[in-house]
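Participant: Quick one: structure below, then a few questions.
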Amino acid sequence: MEMREHLENIRAACAEHFQLYPCDRPNCPDCVGERRVLRLIDKALAACDDGGWRTMESAPEPGTVVLLYAPSYARRVVEAHRSINGKWWTMTGHHVKFPTHWQPLPMPPKEAPDA
Ligand SMILES: [Zn+2]
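Here it is, written out as structure tokens:
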């Protein structure tokens, strides 16, 4: 099943729970928590729509290898890491200027052989 379907199922289950068990306690911590979960699921769904790309503010620590999207770079999508001075570099040492988005490297395919 696609990630999007999993998220939509979780969202539907949460929303259904809300409908089945209406609550009118003011500032109920359970309801506040559940609404927060719904918002987080919506964010995850939005990220799915965008191919999982995130803006650079959330890019991980220097040294972590990620996928970058850099419109000015010839191949545009490239595997890269950030050095301590904040510059981004491909695995072959090319400087990637002005990346606008990043995402974690994907997991290997489920059926991937070990070697
Ligand atoms: Zn409640």
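4 is the number of the first residue of the sequence shown in our numbering; add one for each residue after it.
Glycine residues also receive a C-beta, built at the ideal position from the N, C-alpha and C atoms.
The model shown is predicted, which means the values in this text are computed figures rather than measured ones.
Considering only the alpha carbon of each residue, which of C31, A49, A118 and R39 lies closest to E8?
Facilitator: The shortest C-alpha separation from E8 is found at A49.
Participant: Out of N88, V68, T93 and I87, which has the shortest C-alpha to C-alpha gap to R78?
Facilitator: Cα-wise, what sits closest to R78 is T93.
Participant: Does the segment 63-77 come into contact with the segment 33-41, if we say contact requires no fewer than three beta-carbon pairs (one atom in each stretch) closer than 8 Å?
Facilitator: With a cut-off of 8 Å, the segment 33-41 and the segment 63-77 do not count as touching, because too few Cβ pairs lie within range.
Participant: At what residues does the beta strand (DSSP E) containing P107 begin and finish?
Facilitator: Its beta strand (DSSP E) spans residues H104 to P107.
Participant: Reducing DSSP to helix, strand and coil, say where W64 ends up.
Facilitator: Note that residue 64 is Glu in the sequence shown, not Trp. DSSP places E64 in coil when its eight states are reduced to three.
Participant: For A73, which three-state DSSP category applies?
Facilitator: Looking at A73 - three-state DSSP - the assignment turns out to be coil, as it is neither helix nor strand.
Participant: Return the Cβ separation of A62 and R42 in integer angstroms, given the expectation that the two are a contact with Cβ distance under 8 Å.
Facilitator: In fact, because the Cβ distance is near 23 Å, the residues do not count as touching under 8 Å.
Participant: Where R57 and T103 are concerned, what is the direct C-alpha to C-alpha distance, given to the nearest angstrom?
Facilitator: Their Cα atoms are separated by approximately 9 Å.
Participant: Starting from A83, follow its DSSP beta bridges and name the residues at the other end.
Facilitator: The partner list for A83 (beta bridge, DSSP) reads V69 and T93.
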